[in-house]
Structures are given as structure tokens and as C-alpha cells.
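There are 2 protein chains.
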Amino acid sequence: MYAVTTIRASATPKKFEVTCSGCNMRELCLTQGMQPDDMRLFENVVYARRRIKRGEALFGAGDEFKSVYAVRSGFFKTRMSSEDGREQVSGFQMAGELLGLDGISTDQHSCDAVALEDSQVCVIPFEQLEQLSREFSDLQRQFHKIMSREIVRDQGVMLLLGNMRAEERLAAFLLNLTQRLQARGFSATAVSLRMSREEIASFLGLTLGTISRSFSKLQDQGLLFVRNRQIQITDPLGLQQLLDGAP
Amino acid sequence: MYAVTTIRASATPKKFEVTCSGCNMRELCLTQGMQPDDMRLFENVVYARRRIKRGEALFGAGDEFKSVYAVRSGFFKTRMSSEDGREQVSGFQMAGELLGLDGISTDQHSCDAVALEDSQVCVIPFEQLEQLSREFSDLQRQFHKIMSREIVRDQGVMLLLGNMRAEERLAAFLLNLTQRLQARGFSATAVSLRMSREEIASFLGLTLGTISRSFSKLQDQGLLFVRNRQIQITDPLGLQQLLDGAP
DNA sequence: CGTTTGCTTGACAGCATTCAACGTTGGTGG
DNA sequence: CCACCAACGTTGAATGCTGTCAAGCAAACG
């Protein structure tokens, strides 16, 4: 169905000059709500960065779990597969979001994380994260919130996959994407998709053809303009109403 | 689609004599891997129990989040809904499993937890859980593993909802159920379902009719016997192969 | 014993998949 | 700079799975 081959990024972490306190994602990341002094200590733990080239994997299913990762720049997808080889994109991650939380449960990652464009992540060794979060309750609380948010997010996707039809799924996907982009200072109406139609399809439990058709239909309804991976949302409320009101 | 009415259980926590160290679910619960001495301290936090009658809610979406709950006996479903009223069962929980983790992210529960039979839960005040897990790394680690396991579980459901056809979904559901029951000392082949066909359908993103048909088909294939809510699995490997091999 | 609820089954319609053909884009090398 | 190729995306037609609706039945409950 999808290519199983996975190119691994070189595992060499590099040290950069950027700090958590100086990071413009700090209010969306683990450090949210931390005291400046505590953050200084946290920076001693999160000193390593890793560059991941487009198409390379940050980690793969089965890899030993040692760290979680905060996306510093770029864009990722996570992809899981069942024993028989069925694959599915389980999420898309952008700057400020955490990757690797799946690995805690078994000390092994259960999905692949692949960069959709050249990216950079902060490496957060998990042992040390746990240790620090034993000392700083702000950090502990924020970490728990992030894990919980991931649970709630996944359940939202379950609702989407279980209840919505193709157009609604795509609308929900686009709205979610634009909301997250907006929180990062980007336009809420002009989106440049980083993922292929096939990846969107996989994430939404549909096929490439259905996604393409759904884009066309949303465009015919005057809700957006599609030009390759450039999406111009002309009627955000209309998109939203696709989900709220009666179909 | 589904009834929205939710009867709330009386909020009176009761104290029982049973301790964590004496609980037969201790190896499946938060206390797994804890030292006996630490467990004693933990018991001072987890002193309250709540009885929930069949059909009553342990908590509901929007309720303030104060505690997580460990199922001591009985059986629950969690149910979420989107703004427009679409509902979906997001999971079924049995003894030893944790409820309420969704509430951490926003300090409000985002789903309902409803007892499918008369049940009993241990109330674990979250503030105190965080405090204790700052002192005991075993507890901290176990809690993180449980949250991570929930993430992985949800992603497994996403894969099911996104990729499988009706019979496969039902097979996967039954296998998952029997595995969990087996881990609790019950038979892996004789299952007494606690949920209705409609609840199974909602969980699997299907309709009541399709579930009923799928049960009949699995029975016709000689994989199991259905008699109301009593399921006798006669060919567990065959069920498993439904998922592994080519459909 | 009657009523209600839950479940099964049939017929039909609809939405998404499948398969295939065609068009477009972007990258590569001449 | 252009030509070519491969990957990606769009669209059409036919198939098939699942949803919908309704009828009938069984089980549970009072």
C-alpha cells in the first residue's frame, strides 16, 4: 500500500546556540508556564538538537525509546502499522509539538516519525525529563497536560474516523491545520500543505481518489481554492458549518 | 443518534477496607512495580472508593477534573461527542484500568464515563498523585507508562477505524477483549459481553445492523458461536488470521 | 402476561473504493 | 534551455461495502 522503506537520519545530535528561554515556541512547548530560573536548568537537559532531512525518519517503530523530541522547525508525520502491514498516518506534527510519547509505554517506539520537510528537533532525554519533573511541578504538570492533550487529540480523530463522511473529514482536517498554524502566527486562510494527498488520505482513513474528489467538491461549493498544495480558504465559516450543521 | 441523557451517580465517596497491597489488580494498576513501603503511602492517598450503578456516569464531559479513577470492579464505557452532537464510544474499561486521563489537559473532562454494570472505582486525587509521583520514581514511571499506553491504544483504534472492514473490526475488537479478560484470569474463549450491539457499533465506527451481520458472518465461518451477549470463540486462530492474512 | 428493549434479517440506496486513463508538476540530464 | 521522466494529482465508470429503513422476533422486565 505504502512504501515501507525508511531512511534513517544520521544520529549525530548537534549543539546550537538557541535556548528554550529564547525560543519563540516556548509558550506552546514543554516550557509553558515555567519560571525563568527553572527554565535555565531545563536548558541544561535540552541541549541537543537534531536536523532531519525531508524524507528521513527521526525514529522508527521498534527503535529503543530514550528521548522525546520537540519540533523546533519543520514538519513531521507519524505513521504506524499493524502486524499484517496495514499502514496509517497517525498524525502531523509542527513546531512546538512533541514527538515520541508513544515510546514510553514499552520502552520502544511504536510508530515512525518522518520529516515532511527539512526539520530540526530538540532532543529531550526522557530519564532526565522525568527527573526534572520530579523537582519542578510546573514542568511536571505541563508534561502531563501534553500527554493528556495527545489522548484527547487521538480521540478526536477516532470520532472523525468513526462518524464523518469524506468531505467532513477533509474540512475538519483543514480547520485543525489552520488553527494550529494560526497559533504559530501563520495565516489562517492561506495554507501550504506539506503532505501529499495520499498522506492526507491515509490519515483520514480514505483513499487518494476520494481526497482529490473532496477537494474538488469543497472548491465547487466555493469554500476554498485548490492549486496543488496551495490551499486558499475563502469561507472558513462555511467549512465550519459543514461540521456543525446538518450535512 | 444515541441518548444524550446521563444519570449522575451520587458523589459520595465511601471508604472500604481493601488496600492497594491487597488488591488483586495491583499488578495491572498504577501500583505495578512499587515497593511495598511506597505502596503503603500510596494507600493513604487512594483511600476513597465510589460505587457506580449500571447506567450511571462516573463523570461527564465538562465536569471539573480533580481525580483519575482506577476500575476496581465492573465495566465502563467512555463516550465523547463533538459540538454538533455526534457521539462515539471511545473505549471500554475493565478492572485495573484507569479512567479520566483525558481531563488533565484542560482541567475538565472531555468525555463521559458510564458504568455498563454495577461497578466500583478507586478515587485517585490527581494533585496528590502528582505529588507522590514526584517522590517515587517507580510510581511516576508507571503513571507515564499508563498514559503512553493509552496513546498507543487510541492509535491502534485509529488504525482499525481507518483501514479495516466490518468483520475485521469486530474480530479485532473481540480478540482485544479476550486478551484483556485473559490477563485478568477469565476464559479467553467464553465471553459475556457487557455492552450492547449499538455500543460496539459506535466504538467500531459502524452501525448496529452491520455489527449484527458481522457476528452472523463470523458464526457462519465457524469462528464463534453467538447467543445474545454470550460469545463462544471456537477458533481463535481463525479470528486472528482474519486480521493477519489476506482478507 | 404484556410491554419494552434489544437484536436479526431483508431490500434498497448511497458513498467510497477500485481501476484505469489522462494531465500536471518538478526534477534531471542532455 | 529544453526535453524527458517520474511522481503526483484529477477524473470517470463500475463495483461493493455499509448505511438506512422497516419488519419481525426474542429476551428482559415489571
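Chains A and B supply the protein sequences, listed in that same order. Quick note: the first sequence uses the working numbering, first residue -13, plus one each step. Quick note: the second sequence uses the working numbering, first residue -13, plus one each step. Heads up, the beta-carbon is just placed ideally off N, CA and C, and yes, glycines get one too. Predicted, not measured: the structure shown is a model, and the values here were computed from it.
Where residue i falls, given that 16 or more other Cβ within 10 Å makes a residue buried
i: residue 216(B); result: exposed
i: residue 214(B); result: exposed
i: residue 41(A); result: exposed
i: residue 26(B); result: exposed
i: residue 63(B); result: buried
i: residue -11(B); result: Legend: pLDDT at residue -11(B) = 42, less than 50; position of this residue unreliable, value from coordinates given subsequently. That one is exposed.
i: residue 83(A); result: buried
i: residue 218(B); result: exposed
i: residue 10(B); result: exposed
i: residue 176(B); result: exposed
i: residue 192(B); result: buried
i: residue 207(B); result: exposed
i: residue 23(A); result: exposed
i: residue 169(B); result: exposed
i: residue 151(A); result: exposed
i: residue 88(A); result: buried
i: residue 165(B); result: exposed
i: residue 86(A); result: buried
i: residue 195(B); result: exposed
i: residue 105(B); result: buried
i: residue 19(B); result: exposed
i: residue 154(A); result: buried
i: residue 54(B); result: buried
i: residue 233(A); result: Bear in mind that a pLDDT of 47 at residue 233(A), under 50, signals an unreliable position, so the model cannot answer this.
i: residue 17(B); result: buried
i: residue 8(B); result: exposed
i: residue 136(A); result: buried
i: residue 185(A); result: buried
i: residue 67(B); result: buried
i: residue 173(A); result: exposed
i: residue 171(A); result: exposed
Residue i - containing alpha helix (DSSP H), residue span
i: residue 32(A); result: No alpha helix (DSSP H) contains residue 32(A), which DSSP labels as neither H nor E.
i: residue 186(B); result: 183 to 189
i: residue 14(A); result: Per DSSP, residue 14(A) belongs to no alpha helix (DSSP H) and is neither H nor E.
i: residue 21(A); result: Here residue 21(A) belongs to no alpha helix (DSSP H), and DSSP marks it neither H nor E.
Boundaries (first-last residue) of the beta strand (DSSP E) holding residue i
i: residue 203(B); result: No beta strand (DSSP E) contains residue 203(B), which is instead part of the alpha helix (DSSP H) from 194 to 206.
i: residue 82(A); result: Element bounds for residue 82(A): n/a, residue is neither H nor E.
i: residue 99(B); result: 98 to 111
i: residue 60(B); result: 53 to 67
i: residue 210(B); result: 210 to 213
i: residue 44(B); result: 42 to 45
i: residue 226(A); result: From DSSP, residue 226(A) is part of no beta strand (DSSP E) but of the alpha helix (DSSP H) over 222 to 230.
i: residue 90(A); result: Residue 90(A) -> no beta strand (DSSP E), and no H or E assigned at all.
Contact test: residue i Cβ vs the ligand ADP heavy atom, cutoff 7 Å
i: residue 170(A); result: The ligand ADP is not among the ligands present in this structure, which contains no ligands whatsoever.
Check distances from the C-beta atoms of the region 45 to 66 of chain A to those of chain B and list, in chain order, the residues that come in under 8 Å. Contacts with chain B (Cβ-Cβ distance below 8 Å) from the region 45 to 66 of chain A involve 66, listed in chain order.
Proximal residues, the region 136 to 170 of chain A versus chain B, C-beta separation under 7 Å: Listed by position, the residues of the region 136 to 170 of chain A near chain B (Cβ gap below 7 Å) are 136, 137, 138, 140, 141, 143, 144, 145, 147, 148 and 149.
Tell me the start and end of each unbroken beta strand (DSSP E) in the region 114 to 179 of chain B that is at least 3 residues and wholly inside, in chain order. Note on the region 114 to 179 of chain B: whole beta strand (DSSP E) runs with a minimum of 3 residues are 176 to 178, in chain order.
At a cut of 8 Å, does the region 49 to 56 of chain A reach the region 98 to 113 of chain A through at least three beta carbon pairs? Cβ pair count under 8 Å is three or more, so yes.
Is there contact here, the region 111 to 121 of chain B with the region 27 to 37 of chain B, by at least three beta-carbon pairs under 8 Å? Touching, yes, given that three or more Cβ pairs across the two stretches are closer than 8 Å.
Closer than 8 Å is the cut-off here; do at least three beta carbon pairs connect the region 133 to 144 of chain B with the region 54 to 62 of chain B? These segments do not touch.
Which residues, in chain order, does the region 194 to 222 of chain B contribute to contact with chain A at a C-beta distance below 8 Å? Listed by position along the chain: nothing, the set is empty.
Name, going along the chain, the residues of the region 19 to 30 of chain B whose beta-carbon falls closer than 9 Å to a beta-carbon of chain A. Taking 9 Å as the cut-off between beta carbons, none of the residues of the region 19 to 30 of chain B comes near chain A.
What residues in the region 96 to 116 of chain A have a beta carbon less than 8 Å from any beta carbon of chain B? Under the 8 Å Cβ criterion, the region 96 to 116 of chain A contributes 96, 97 and 116.
Does the region 114 to 132 of chain A come close enough to the region 65 to 74 of chain A that 3 or more CB-CB pairs lie under 8 Å? They do not touch, by the three-pair rule.
State whether the region 219 to 227 of chain A contacts the region 147 to 162 of chain A, with contact taken as three or more CB pairs (one from each stretch) at a distance under 8 Å. In this structure the region 219 to 227 of chain A touches the region 147 to 162 of chain A; the number of beta carbon pairs closer than 8 Å is three or more.
Using Cβ-Cβ distances below 8 Å, what residues of the region 171 to 186 of chain B are close to chain A? Hits within the stretch: zero.
In the region 64 to 88 of chain B, which residues sit with their C-beta less than 7 Å from some C-beta in chain A, listed in chain order? Against chain A - using a Cβ distance shorter than 7 Å - the residues of the region 64 to 88 of chain B are 66, 68, 69, 70, 72, 74, 76, 87 and 88.
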